[in-house]
Amino acid sequence: MRILAVIHEQRSEDARSDARRPVDLNASLRMAGMKGIGCVVSNISIAGFMAKSYAPVQPGSLIWLRVPGFAALSARVVWCDDGRIGCQFETPITPETLVRIVAEAPNLH
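Per full-length UniProt numbering, residue 1 is the first one in the sequence shown, and the count goes up by one each step.
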């Protein structure tokens with residue numbers, strides 16, 4: 001008896017274990033030695049976020065996400081696709097910080 005199986009690889013941005021919260025949040029990104037660039041965060045979790053970046057950012061880059069009213073959050077760019085970036089926080093944010101950021105985001109809560 002033969003069994004035919006198809007195994008799908010899970011892309012790294014889909015391998016996350018923490019639920020993402022949809023937001024529409026103007027923020028900025030800063031890379032080492034550079035000025036901040038605008039971005040719009042579209043989802044966030046305790047482990048990372050996805051954003052539309054207004055300047056090119058390379059996977060593997062260390063960046064700082066600046067959300068108005070919060071301390072800068074260091075993160076590593078995991079993937080880039082057509083101006084969108086997926087990043088993983090160097091240190092996960094607390095659930096309390098996540099709730100506060102989502103509460104500050106306009107339009108989606």
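Where is the CB? At the ideal position from N, CA and C, for every residue including glycine.
Residues that residue i bridges to, as DSSP identifies them
{"i": "G83", "result": "BP columns for G83 are empty, so no partner."}
{"i": "G38", "result": "S28"}
{"i": "V77", "result": "C87"}
{"i": "A51", "result": "V41, I85"}
Continuous beta strand (DSSP E) stretch holding residue i: start and end
{"i": "R20", "result": "Counting along the chain, R20 falls outside any beta strand (DSSP E), and DSSP gives it neither H nor E."}
{"i": "A47", "result": "No beta strand (DSSP E) holds A47; DSSP gives it neither H nor E."}
Beta-carbon proximity list for residue i, same chain, < 7 angstroms, skipping 5 on both sides
{"i": "S53", "result": "L29, I37, C39, G83, I85"}
{"i": "I93", "result": "I46, L73"}
{"i": "A55", "result": "I37"}
{"i": "P95", "result": "I46"}
{"i": "E90", "result": "S74, A75, R76"}
{"i": "residue 111", "result": "Since the displayed the chain opens at 1 and closes at 109, residue 111 lies outside it and no answer follows."}
Start and end residues, alpha helix (DSSP H) containing residue i
{"i": "I101", "result": "95 to 104"}
Beta-carbon proximity check, residue i vs residue j, cutoff 7 angstroms
{"i": "R76", "j": "A27", "result": "no"}
{"i": "C80", "j": "P59", "result": "yes"}
{"i": "M34", "j": "I63", "result": "no"}
Close Cβ partners of residue i (< 6 angstroms) along its chain, the five nearest in sequence each way excluded
{"i": "M50", "result": "S42, N43, G86"}
{"i": "L98", "result": "I46"}
{"i": "L25", "result": "V41, A105"}
{"i": "R100", "result": "none"}
Given 8 angstroms, three or more beta-carbon pairs between the stretch 35 to 42 and the stretch 69 to 82: no
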